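Protein chains in written order, with the numbering used here: chain A, -5 to 384; chain B, 7 to 170.
Note that CB positions come from ideal geometry on N, CA and C, so glycine has one too.
Nothing here was measured: the structure is a model prediction, and the numbers come from that model.
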Amino acid sequence: MANKEIMTVNMGPQHPSTHGVLRLVIELDGEVIEKITPHIGYLHRGVEKLSEHRTYHQAMTLTDRLDYLAPMSNNLGYVLAVEKLLGLEVPERAQTIRVIMAELTRLKSHLVWLACHALDIGAMTVFLYCFREREQIMSMYEKLSGARMTSSYFRVGGLSQDVYDGFEADVRRVIDEFPGYFDVYEGLLTKNTIWLQRTIGNGVISAEDAIDYGITGPALRGSGVDWDLRRDNPYSGYDKYSFKVPVGEKCDTFDRYKVRLVEMREAINILRQALDSLKPGPILADSPKVCYPPKERVYNSIEGLIHHFKIASEGFPAPEGEVYQSVEAPKGELGYYLVSDGGTKPYRMRIRPPSFVNLGAIEKMGKGTMIADLVAIIGTLDIVLGEIDR
Amino acid sequence: MSAIAENNRAVIRLKEKFPSAVQDVKEFRDEVTVTVSKENVVEICRFLKTELRYNLLTDVTAVDYLGKDPRFMVVYNLYSIPNKDRLRVKAAVGEDNTRIDSVVGVWNSANWLERETFDLFGITFVGHPDLRRILMTDDWEGHPLRKDYPLQGPGREPYKGRLS
């Protein structure tokens, strides 16, 4: 054999298959990858630093911009962490609406994952269908919070406002229509020869390695680890709903694909149960020093006005201490580690982004594979650079 | 120290095994935080992983307590997938010697997380295989998440508007 020649190829940061601004420096022996060196940070905005200079209510808006494909999951993790710090109970209606929105967000995020993952491997049709369905959820976002992406709909202690008229009907429509759409995607992909050849045996990572590299979420379950925070460390009343946690066997891209598709069907299942249990009631905790009072009280009572003024001008103090709260975000375990010194701003807010840690395994998963398969591996890890770089 | 922390299996085992290294045990909102000496952090982590099944290192980060001595706390958030419970391990790192042993040998996930902590706090992880900046550019000066690092960045007029 002739002497081995290593070629170095740069991929990204402006590359459609890197899902944002990920840059990979790849050392190639022919078409086989010898080494991958990821470069990240192109989208670093210093969210953790900025949050130290904002009150707890204000820091919420920064969390929308982490995983911009799943804003409400980020909001949920954040408000839960602050509520844990304060020891605040959230009314049941608010919790149920949070679960509904978190599951719709999971659908929305998984739809983008499926769309882009399939597009990367060459299935254009799936991309168009997924984005069409995603639009339904986006318009619900808009009706609910006024924004399609930067929602900031949740509040510490509950929700910013109650749902709009016709919300239940919109959720019902998702529940009724989406399983049919999933059948269409599966019809296009699950037995598609090209899809199978590109995904079976691609990006294999064993359960031990996946845990060792800190992979969480559907990517970990695809490797056969039966662990879901919604079931095992429930929050927001997830313990009231019954749902299956799918796991894979072969630890490859195809199994991760199947896991996510079952997860989408289970999200519909949770949505149905949550919608059936949705009852009228308050949407904000009864904690006037933390939650903004309703406008009626601000205009008509002196206490309401004072509370509003205090919360808006200096925020609310949180007791000294530290908490870690995580949620099962669409991409994995999204954790917030908050340190409070007793002031009205977080002394330190650490965001544990699932995509960042999952991407750390790409060096391991990509080594020894063909360069074309790397695109499938990036797709199956389901990364979002807004969350990786923060 | 409250009852939950006292009866925590990991805390009991750690105190048995490393009586001099466990400096403090705290419990807040049902979460247990163990502060250990930085010299023993790798041993303790390996013990927690192999004996007490904290197999997932969720997070490594640091907190800058500017003005206190020691200045930094390196924080490890651990999770046990078999037992479904969490444990937080902290180790103090002084300003004059910002070095601590790397736990990459115990969990591979520490690789990028320690790089980030190095990048943003300037804490050196001894024994890390590839300790480079990760979010900031290679030629960046300073460590942005330190409390004495200006919010608006170096060499710029301080921001005079309202922050909150």
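Do residue i and residue j have their C-beta atoms within less than 7 Å of each other?
i: threonine 64/B; j: asparagine 83/B; result: yes
i: valine 67/A; j: alanine 96/A; result: Checking the sequence, you will find serine at residue 67/A rather than valine. Taking 7 Å as the Cβ cut-off, serine 67/A and alanine 96/A qualify as a contacting pair.
i: glycine 161/B; j: tyrosine 155/B; result: no
i: glutamate 33/A; j: arginine 48/A; result: Reading off the sequence shown, one finds histidine at residue 33/A, where the question assumed glutamate. Not a contact, by the Cβ cut-off of 7 Å.
i: serine 145/A; j: tyrosine 135/A; result: yes
i: isoleucine 129/B; j: valine 95/B; result: no
i: glycine 218/A; j: glutamate 243/A; result: yes
i: valine 41/A; j: leucine 63/A; result: no
i: isoleucine 277/A; j: arginine 87/A; result: yes
i: glutamine 89/A; j: glycine 275/A; result: no
i: leucine 119/B; j: tyrosine 85/B; result: no
i: isoleucine 210/A; j: threonine 247/A; result: Sequence inspection shows threonine at residue 210/A; the isoleucine mentioned does not correspond to that position. No, Cβ-Cβ distance for threonine 210/A and threonine 247/A is not below 7 Å.
i: tyrosine 331/A; j: isoleucine 305/A; result: no
i: alanine 116/B; j: valine 42/B; result: no
i: valine 241/A; j: aspartate 226/A; result: no
i: valine 120/A; j: glycine 208/A; result: no
i: isoleucine 199/A; j: methionine 364/A; result: no
Which residues mark the beginning and the end of the beta strand (DSSP E) in which residue i is found?
i: isoleucine 0/A; result: 0 to 5
i: proline 65/A; result: Unbroken run through proline 65/A is the alpha helix (DSSP H), 65 to 80; no beta strand (DSSP E).
i: glutamate 46/A; result: Taken as a continuous stretch (DSSP letters only), glutamate 46/A belongs to no beta strand (DSSP E), as it is neither H nor E.
i: glutamine 155/A; result: Counting along the chain, glutamine 155/A falls outside any beta strand (DSSP E), and DSSP gives it neither H nor E.
i: glutamate 163/B; result: Taken as a continuous stretch (DSSP letters only), glutamate 163/B belongs to no beta strand (DSSP E), as it is neither H nor E.
i: arginine 94/B; result: 91 to 99
i: alanine 27/B; result: Note, alanine 27/B: premise wrong, no beta strand (DSSP E); not H, not E.
i: serine 11/A; result: Unbroken run through serine 11/A: none, as it is neither H nor E.
i: alanine 323/A; result: 315 to 323
i: serine 334/A; result: 326 to 334
i: threonine 130/B; result: 130 to 132
i: aspartate 70/B; result: 62 to 70
i: lysine 153/B; result: No beta strand (DSSP E) holds lysine 153/B; DSSP gives it neither H nor E.
i: methionine 343/A; result: 342 to 346
i: leucine 22/A; result: 17 to 23
List the residues of chain B whose Cβ lies closer than 8 Å to the Cβ of residue i, in chain order.
i: phenylalanine 303/A; result: None at all; the shortest Cβ gap to chain B is about 14 Å.
i: tyrosine 331/A; result: Asp65, Thr67, Val81 and Asn83
i: lysine 78/A; result: Arg35
i: arginine 166/A; result: Going along chain B, no residue has its Cβ under 8 Å from arginine 166/A, so there is no contact; the nearest lies around 34 Å.
By the criterion of Cβ-Cβ separation under 7 Å, what are the contact partners of residue i in chain B?
i: asparagine 227/A; result: Lys90
i: arginine 215/A; result: Within chain B, no residue comes near arginine 215/A; the closest Cβ sits about 11 Å away, beyond 7 Å.
i: arginine 250/A; result: Per Cβ cutoff of 7 Å: no residues; arginine 250/A is ~18 Å from chain B at best.
i: arginine 342/A; result: Val69
Does the ligand PLP have a heavy atom nearer than 6 Å to the CB of residue i?
i: leucine 183/A; result: Within the structure as shown, the ligand PLP is missing, as the structure has no ligands at all.
How would you write the range of the alpha helix (DSSP H) that residue i sits in, first residue to last?
i: asparagine 83/B; result: Where asparagine 83/B is concerned, there is no enclosing alpha helix (DSSP H), although the beta strand (DSSP E) it sits in stretches over 78 to 86.
i: histidine 104/A; result: 86 to 115
i: glycine 181/A; result: 161 to 183
i: tyrosine 123/A; result: 118 to 139
i: lysine 252/A; result: 247 to 270
i: histidine 302/A; result: 296 to 307
i: leucine 54/B; result: 47 to 56
i: aspartate 280/A; result: That residue, aspartate 280/A, is in no alpha helix (DSSP H); it is neither H nor E in DSSP.
i: valine 369/A; result: 365 to 375
i: isoleucine 188/A; result: 187 to 193
i: lysine 358/A; result: 356 to 360
Quick test of your reading: residue i and residue j, contact by CB under 8 Å. State the CB separation rounded to the nearest angstrom.
i: glycine 373/A; j: histidine 9/A; result: Not quite, the Cβ-Cβ distance comes to about 13 Å (not below 8 Å), so this is no contact.
i: serine 45/A; j: proline 228/A; result: Contact doesn't hold; Cβ gap of about 26 Å is too wide.
i: glutamate 314/A; j: threonine 39/B; result: Actually they do not touch by this definition, with Cβ atoms about 13 Å apart.
i: isoleucine 94/A; j: leucine 269/A; result: 7 Å
i: isoleucine 115/A; j: isoleucine 262/A; result: Actually they do not touch by this definition, with Cβ atoms about 25 Å apart.
i: leucine 17/B; j: valine 112/B; result: According to the sequence provided, residue 17/B is valine. The question's leucine does not apply to it. Not confirmed; about 19 Å, so no contact.
i: arginine 138/B; j: aspartate 145/B; result: Actually they are not in contact, since the Cβ atoms of arginine 138/B and aspartate 145/B sit about 12 Å apart, beyond 8 Å.
By the criterion of Cβ-Cβ separation under 9 Å, what are the contact partners of residue i in chain B?
i: glycine 81/A; result: Arg35
i: arginine 266/A; result: Here the premise fails: no neighbours, minimum Cβ distance about 26 Å.
i: arginine 59/A; result: Those do not exist, as arginine 59/A stays about 15 Å from chain B at its closest Cβ, beyond 9 Å.
For residue i, which residues in chain A fall below 8 Å Cβ to Cβ?
i: asparagine 14/B; result: What asparagine 14/B touches in chain A: nothing, since even the nearest Cβ is about 15 Å away.
i: threonine 41/B; result: None at all; the shortest Cβ gap to chain A is about 12 Å.
i: isoleucine 87/B; result: Ile205, Val219 and Trp221
What residues of chain A sit near residue i, judged by a beta carbon separation below 7 Å?
i: isoleucine 129/B; result: Per Cβ cutoff of 7 Å: no residues; isoleucine 129/B is ~14 Å from chain A at best.
i: asparagine 117/B; result: Gly354
i: asparagine 114/B; result: Asp206 and Tyr207
Listed from N- to C-terminal order along the chain, which residues in the region 94 to 105 of chain B have their beta-carbon within a distance smaller than 8 Å of any beta-carbon of chain A? The region 94 to 105 of chain B vs chain A, Cβ under 8 Å: Arg94.
Identify each residue in the region 24 to 48 of chain A for which the Cβ-Cβ distance to at least one residue of chain B is less than 7 Å, and report them in chain order. Against chain B - using a Cβ distance shorter than 7 Å - the residues of the region 24 to 48 of chain A are Ile34, Gly35, His38, Gly40, Glu42, Lys43, His47 and Arg48.
Residues from the region 51 to 64 of chain B in contact with chain A, defined by Cβ distance under 9 Å: Asn61, Leu62, Leu63 and Thr64
Contact list for the region 219 to 246 of chain A against chain B, Cβ threshold 8 Å: Val219, Trp221, Asp226 and Asn227
Taking only beta carbons into account, state which residues of the region 139 to 161 of chain B come closer than 9 Å to chain A, listed in chain order. Arg139, Ile140, Leu141, Met142, Thr143, Pro150, Leu151, Lys153, Tyr155, Leu157 and Gly159
Between the region 349 to 360 of chain A and chain B, which residues of the former have CB atoms less than 7 Å from a CB of the latter, in chain order? Phe350, Val351 and Gly354
Which residues of the region 312 to 326 of chain A have a Cβ closer than 7 Å to any Cβ of chain B? Give them in chain order. Gly315, Glu316, Val317 and Tyr318
Going along the chain, which residues of the region 186 to 210 of chain A sit with their C-beta nearer than 7 Å to a C-beta in chain B? Ile205, Asp206, Tyr207 and Gly208
Chain B contacts made by the region 358 to 383 of chain A, where a contact means CB separation under 7 Å: Asp383
If you measure beta-carbon to beta-carbon, which residues of the region -3 to 23 of chain A are closer than 7 Å to chain B? none
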